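Structure first, then comments.
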Amino acid sequence: QEVHAAEMERTFIAIKPDGVQRGLIAEIISRFERKGFKLVAIKIVVPSKEFAQKHYHDLKERPFFDGLCDFLSSGPVIAMVWEGEGVIKYGRKLIGATDPQKSEPGTIRGDLAVVVGRNIIHGSDGPETAKDEINLWFKPDELVSYSSNAEKWLY
Ligand code: RTP
80 QEVHAAEMER TFIAIKPDGV QRGLIAEIIS RFERKGFKLV AIKIVVPSKE
130 FAQKHYHDLK ERPFFDGLCD FLSSGPVIAM VWEGEGVIKY GRKLIGATDP
180 QKSEPGTIRG DLAVVVGRNI IHGSDGPETA KDEINLWFKP DELVSYSSNA
230 EKWLY
């Protein structure tokens with residue numbers, strides 16, 4: 080079955096500073112890659128606090144907002160766009176519940192993190208936020224469309 084890249088769903092995934100510092104970049108990328116999702120954008124960046132506040136603008140009334148933004152801007156983040164059928168929802172499944180104490184074993188947070196303030200990864204929670212977050216973190220020409228050989232066996 081022929082699938083055109085332009086029709087494919089995309090989500091924004093970020094490895095937060097704790098995940099980078101703990102040496103979990105390859106581990107996390109590999110879980111998305113082995114599932115069959117396709118990496119279409121990636122960069123390493125230290126976000127400014129203002130940028131972190133933009134990213135988390137939905138949470139600005141929450142008591143942990145300031146600490147969260149300080150944390151996100153405290154070191155390198157791996158910003159990525161992943162593509163594939165159902166990648167927004169299933170990406171959240173791979174990531175696991177927000178609080179690692181509640182995430183199932185087998186999920187990224189369940190296997191690799193302990194507390195909610197250091198939960199190593201972010202993933203867009205719906206189609207609208209995915210679009211907004213991709214636009215916030217990436218310029219259009221930083222996203223690469225390509226067909227991979229694996230696709231004809233995945234779809
Ligand atoms: P994310 O956006 O990072 O994927 O996380 P999420 O949707 O699973 O959770 P959300 O409620 O949007 O919260 C965003 C991030 O804020 C931090 N947080 N800290 N009680 C706390 O201290 C607290 N609650 C949330 C977490 O880093 C969470 O991922």
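With UniProt numbering applied, the sequence shown closes on residue 234, and no number is skipped along the way.
Ideal Cβ positions, reconstructed from N, Cα and C, are used throughout, including at glycine.
Keep in mind that this is a model prediction, so the values were computed, not measured.
Query, Result
"Close beta carbons around G189, own chain, < 7 Å, minus the five adjacent residues each side", "G175, P179, S182 and E183"
"Close beta carbons around K133, own chain, < 8 Å, minus the five adjacent residues each side", "L215"
"Same chain, Cβ closer than 7 Å to D149, neighbours up to 5 away in sequence not counted", "K128"
"When E164, E221 and A229 are compared against M87, the one with the closest alpha-carbon", "E164"
"First and last residue of the uninterrupted beta strand (DSSP E) at R89", "R89 to I94"
"Sequence-distant residues of the same chain with beta carbon closer than 8 Å to L103, five excluded per side", "I94, L191 and I199"
"Status (buried if at least 16 other CB within 10 Å, exposed otherwise) for W232", "exposed"
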